[in-house]
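Just below is one structure, and these are the notes that go with it.
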Amino acid sequence: YSSAVQKFSQTLQSFQFDFIGDTLTDDEINIAESFKEFAELLQEVELERSMMVQNASDLLIKPLENFRKEQIGFTKERKKKFEKDGEKFYSMLDRHLHLSSKKKESQLQEADLHVDKERHNFFESSLEYVYQIQEVQESKKFSIVEPVLAFLHSLFTYNNLTVELTQDFLPYKQQLQLSLQNTRNHFSSTREELEDLKKRMKEAPLTCKLPGQPTIEGYLYTQEKWALGISWVKYYCQYEKEAKTLRMTPMDQKPGAKQGTLDLTLKSCVRRKTDSIDKRFCFDIETNERSGTITLQALSEANRRLWMEAMDGKEPIYHSPITKQEEMELNEVGFKFVRKCINAVETKGITTEGVYRTVGSNIQVQKLLNAFFDPKCPGDVDLQSSDWDIKTITSSLKFYLRNLSEPVMTYRLHKELVSAAKSENLDYRLGAIHALVYKLPDKNREMLELLIRHLVNICEHSRENLMSPSNMGVIFGPTLMRAQEDTVAAMMNIKFQNIVVEMLIEHFAKIYSGPPEDSTAPPVPPPRVTARRHKPITISKRPLRERPVFFGASVGESEGE
């Protein structure tokens, strides 16, 4: 048993967590350091006495094995399916692209249906595989730590000789559990956003445009003429619409070939008539760098439309079938709505358990919003009426804020706010957020102050409603802040959005007492000065208690002493 504990301690000491993203939250730092803390405790226990481990199988081994089998094993299965579907799709696509356009229309339509079916299967496998990897990496933070934490707790509790150690351990355990719960809450809010993103990508997988990224990118085949005939070469192409630049990277590079990446500037783009070439989905482009036309083949008709839309080709612009929900504005009616909601919540629901966390009926929420924002009589709704319960009012307020054409804390300041929340220097973190609040437009800053003051009032009743600043950060982080682009990377920053809102609540009096002395730029930590940083919670570095030394005393003497 002693040997097993020592080996386990060494494993914990050397274990390294992998975290997605470039920065850890304070809670994640606690979690990352927790195994080293556990290792120190185990060594301390071994110095005092060897113990029999009870419940080790139920509390530790089985959950870890289940996690490995159910989560990691499932991810491996997803990977196999992804690779199998990918191989199947690309082999079918290669065969499909060699079909002659002179075949019967029915044969071509049937072939198209098969390719579309395989493309759908491959795309779904890709999304599921990437989603599963992200879910395992995120859930690992608490799914692995919690069994070990439970094992340690049982280890100390059931041993009569470690009562003092257990007393020392309990505060650390509570703090770590708080970090685990906060991380779990961040995970839950991020997961909801990711599921929504995945759903939207499934509905319109080819219409995503990311700021700062190529207008469109993907595989194209280009017709190349040689002395002995014509061949079609596969390229990975990236087109930037504003600069009209097309980058073509050859994928079927032959040994000894000198051809590398081509950088071209587009002059024109024209759809190729089907009867003019023995290939489907083709279009011609002209560039400044090459004389004559370059014939390109897309992967499908829909794919060709997208390329031609991006290149301003002579093809009707392809619109996404998705209709964007009507956006709301930060106007006088909006302010009136927010004030009425806040007044109603603080009047009749401030002590309601789980206020803002509990979700109202979608039908009732839409009914309230339609009534309040009715153009004929806007704002003519009495929220103090018994017709509207607290859940409906809070859900309507969150819905309004999340559907603003631009979030309250603006797209412009989003990166700076997230960057400030990522800082290890706690003073800089607060100072930067303080300064950035006063960079908001006047009406945005007014709305933010109105909301944060309300959330402070809610948190002052946390004994009754069980809503802490951290809980409110999880709820209002994605509501008051959001990135302009919908990417998994942006979703992974939601936890830092939550931290921004949490800090606004905790430091409301300081931030809204007035702008910082120099609000033109966030404060920079002075050089060669030890910054105030977040220190991970610890138990192993506590001062050890003096313990009595026994020299073979009898049971009675030991009990008396």
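Residue 1 is where the sequence shown starts when you use the UniProt record's numbering, and the numbers rise one by one after that.
Don't be surprised by glycine CBs; every beta carbon is placed ideally from N, CA and C.
Keep in mind the model is a prediction, meaning the values are calculated, not measured.
In this structure, DSSP gives Leu-246 an extended state, which the three-state scheme calls strand. With contacts defined as CB atoms closer than 7 Å, Tyr-235 and Met-248 qualify as a contacting pair. DSSP, read as helix, strand or coil, puts Cys-341 in helix.
Residue pairing from DSSP leaves Lys-199 without any beta-bridge partner. In summary, Arg-412 is exposed, with fewer than 16 beta-carbon neighbours lying within 10 Å of its beta-carbon over all protein chains present. Counting the other Cβ atoms within 10 Å of the Cβ of Tyr-129 gives 16 or more, which makes it buried. For Phe-122, the enclosing alpha helix (DSSP H) begins and ends at 105 to 143.
Thr-352 counts as buried, since no fewer than 16 other beta carbons sit within 10 angstroms of its beta carbon.
By the criterion of a C-beta distance shorter than 7 Å, Leu-266 is surrounded in its chain by Lys-244, Leu-246, Ile-285, Thr-287, Met-311, once the five residues flanking it on both sides are discounted. For the options Ile-216, Val-338, Asp-252, the alpha carbon positioned closest to that of Glu-242 is the one of Ile-216. For the pair of segments examined, the segment 130 to 145 was found not to touch the segment 495 to 508: the number of CB pairs separated by less than 8 Å stays below three.
For the pair Val-365 and Ser-396, the CB atoms are nearer than the 7 Å cut-off.
Here the segment 180 to 194 makes contact with the segment 483 to 493; the two share three or more CB pairs at distances below 8 Å. In the displayed model, Trp-307 falls within a helix according to three-state DSSP. Across the structure, Glu-460 and Met-467 are spaced so that their CA atoms are roughly 9 Å apart.
Boundaries of the beta strand (DSSP E) harbouring Glu-240: 229 to 240, taken from the DSSP string. The beta-bridge partner set that DSSP reports for Leu-296 consists of Thr-222, Phe-283. Assignment of Lys-173 by DSSP, reduced to helix, strand and coil, places it in the helix class. Cβ neighbours of Asp-252 within its own chain (closer than 8 Å, five residues either side excluded): Val-233, Lys-234. Excluding its 5 nearest sequence neighbours in each direction, His-153 has no C-beta neighbour in its own chain below 6 Å.
In the DSSP annotation of this structure, Thr-11 is not part of any beta strand (DSSP E); the continuous alpha helix (DSSP H) holding it starts and ends at 2 to 14. The alpha-carbon of Ser-300 is positioned some 39 Å away from that of Asp-18. Fully contained in the segment 372 to 443 are the following alpha helix (DSSP H) runs of length 4 or more, in chain order: 390 to 402, 414 to 422, 426 to 437.
DSSP places Lys-267 in the strand class (E or B) of the three-state scheme. Closest in C-alpha terms to Phe-476, from the list Lys-398, Val-418, Glu-289, Ala-421, comes Lys-398. Secondary structure of Met-503 (DSSP, three-state): helix. Contact check for Phe-508 and Val-456: beta-carbon distance about 5 Å, within the 8 Å limit, so the pair qualifies. One Cα belongs to Ile-452, the other to Tyr-512, and the distance between them is close to 10 Å.
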